[in-house]
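Read the structure below first, then the notes.
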Ligand code: AMP
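In the numbering used here, the protein residues as written are 11 to 571.
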């Protein structure tokens, strides 16, 4: 049941008195407050950035704040107004930071676009968002040239380089970013408006139908940032040096760029560079203490460390999410390199932090092995996100570590409705948002994802977790990547088919795989077959695309079925 909500006027009636509201200052929670804070209190703290046009750049929070104001002035000069959407097609760079703050700060909406989407999806979302202006890195000029004629609302293209790097382009109404900034003086005061004003827009890369827009508010981003700086979650603080490898176009880079500004952390931005060697160089040279990325990035880095015998001396913690983190990865980071793994769960619709794997009092005295088991789970709900698991009848299931159902969430940085109400009413009658993940919660408060609802394998009426099988499989040294899908079976309806990419020079067959998995998963979960491929299909956010994999194996039948 939804709880009773009182309006201001009802409150007066209930109390019979005039003053029942608190009497503290009404200071709207706007993201420009982070920028002001950074500029005043951490002016010289460094921001480092790799550049898409080549080279590196270094400045500080005072310079970021000044250039963000210039960006806002430039936007006003071009006629951008409160509520207008402004697109960015850009890597994690200092310029992208300036634009983030400049656009949202002047009251428009920063629409971060994932360049890994198909061109048709890019056209769809830019038209759907009605982006009036597009900031783009030089990397993406050829991509946008191909589709520019189909972008119905974009009036200007601002290429994020200096004059000397401006490319020749067929795009019309093109502006050079550094000219755009240099034309302004920065004498600008951030406007004040309602904290519920839209701040950012990010489309989910839905596996079916068109992508849907998630519209963050200043308030939701502000509260999410306070959470990200809390010691119980990411714990970003003034002494942190953070490398958010997760892109700013993927759920706000998990909130890290806001949290870094709000706390005065040194920010290291890797631009378009994702190869393990350069990431390692950045971590070592810039003294990175904390970094955030999806498991595939860390897989590459760990392989590099093993091959070269190198270390990550200052790195203390990595936050890993977006897909399940295999046990072997957690163990290697912690045992071999002394880097704590913070396993996080979230989604675009939850801004994205929903749960994180830091230790709580209930597990403090468990054995190291038992703690490792818990670290493989997706963490415990953060303060501000309520979480429960419901069965198909909408009943809440107990936190017993076994009862599995749909993961439901609510909270002030959880979606209420999609942009332009796509998909209609998305909350259940009690106000819970259905994440589409199948999970269970344990007695210690930790949540475990067993599958996406649409990926779960139903064998003889029982569920098999493809995620558990995949995580166990990648622990084998011959396996680079693994995916498990349900395939039709005449007796059991569905049985698991494991598809793997082998490590170079290594090999494993079905029998060896099942022998390896025995004892790690239930016996009746063992895959009925193992297929090898050169590459697994991935989505625009780097997850294995089970939908595409199912398409590849749609005519596959088990040998003995
Ligand atoms: P996105 O909106 O692209 O960030 O995708 C969100 C989805 O990624 C979630 O609903 C989960 O299915 C998946 N996901 C995120 N974090 C994890 C995690 N730690 N383990 C397993 N799946 C995850």
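Where is the CB? At the ideal position from N, CA and C, for every residue including glycine.
| query | result |
| --- | --- |
| Same chain, Cβ closer than 6 Å to residue 194, neighbours up to 5 away in sequence not counted | 80, 83 and 84 |
| Bridge partner(s) assigned by DSSP for residue 365 | 355 and 391 |
| Range of the contiguous beta strand (DSSP E) that encloses residue 220 | First-last for residue 220: undefined, no H or E at that position. |
| Residue 232, buried or exposed, once every other Cβ within 10 Å from all chains shown has been counted against 16 | buried |
| Reference residue 400, options 386, 367, 391 and 448, closest by Cα | 448 |
| Residue(s) in a DSSP beta bridge with residue 113 | None; residue 113 has no bridge partner. |
| Residue 335 beta carbon near ligand 1 (any heavy atom closer than 7 Å) | yes |
| Residue 460 - DSSP class collapsed to helix/strand/coil | strand |
| Per DSSP, cross-strand counterpart(s) of residue 59 | 67 and 279 |
| Exposure label - residue 128; buried when at least 16 CB within 10 Å | exposed |
| Residue 374 - DSSP class collapsed to helix/strand/coil | coil |
| Best match in 506, 96, 348 and 489 for proximity to residue 533 [C-alpha to C-alpha] | 506 |
| Secondary structure of residue 444, DSSP reduced to three states | strand |
| Classification of residue 408 by the beta-carbon crowding that lies within 10 angstroms, buried from 16 upward | exposed |
| Residue span of the beta strand (DSSP E) that contains residue 168, given as start and end | 166-169 |
| Pairwise C-alpha distance: residue 229 and residue 277 | 23 Å |
| Start-to-end residues for the beta strand (DSSP E) that takes in residue 254 | 251-254 |
| Candidates 359, 479, 310 and 454: closest to residue 342 by CA position | 310 |
| Local conformation of residue 274 per DSSP, three classes | coil |
| Distance cut-off 7 Å: residue 353 Cβ against heavy atoms of ligand 1 | yes |
| Collapsed DSSP secondary structure at residue 427 in the structure displayed | coil |
| Which listed residue (148, 149, 154 and 147) has its alpha carbon closest to that of residue 136 | 154 |
| Residue environment, residue 122, which counts as buried when at least 16 other CB atoms sit within 10 Å | buried |
| Proximity of residue 93 and residue 117 at Cβ, strictly below 8 Å | yes |
| Element boundaries [alpha helix (DSSP H), containing residue 48] | 42-51 |
| Through-space distance from residue 393 to residue 441, alpha-carbon basis | 18 Å |
| Residues of its chain near residue 108, where Cβ-Cβ distance is below 7 Å and the 5 sequence neighbours each way are ignored | 74, 77, 78 and 81 |
| Reference residue 254, options 300, 113 and 271, closest by Cα | 300 |
| Cβ contact check for the segment 314-330 and the segment 348-367: 3 or more pairs under 8 Å | yes |
| Runs of alpha helix (DSSP H) lying entirely within the segment 488-562, each at least 4 residues, in chain order | 520-527 and 556-562 |
| Contained beta strand (DSSP E) runs [length at least 3] in the segment 92-152, N- to C-terminal order | 95-99, 119-122 and 141-146 |
| Nearest-angstrom beta carbon gap, residue 272 and residue 239 [assumed within contact, 8 Å] | 6 Å |
| Supposed close pair residue 639, residue 504 - CB separation, criterion 8 Å | What the structure shows of the chain is the stretch from 11 to 571, and residue 639 is not part of that stretch, so it cannot be assessed. |
| Residue 172 vs residue 188 beta-carbon contact at 8 Å | yes |
| Distance cut-off 7 Å: residue 477 Cβ against heavy atoms of ligand 1 | yes |
| Contact set for residue 102: own chain, Cβ-Cβ below 7 Å, skip 5 residues either direction | 254, 257, 258, 263, 279, 280 and 281 |
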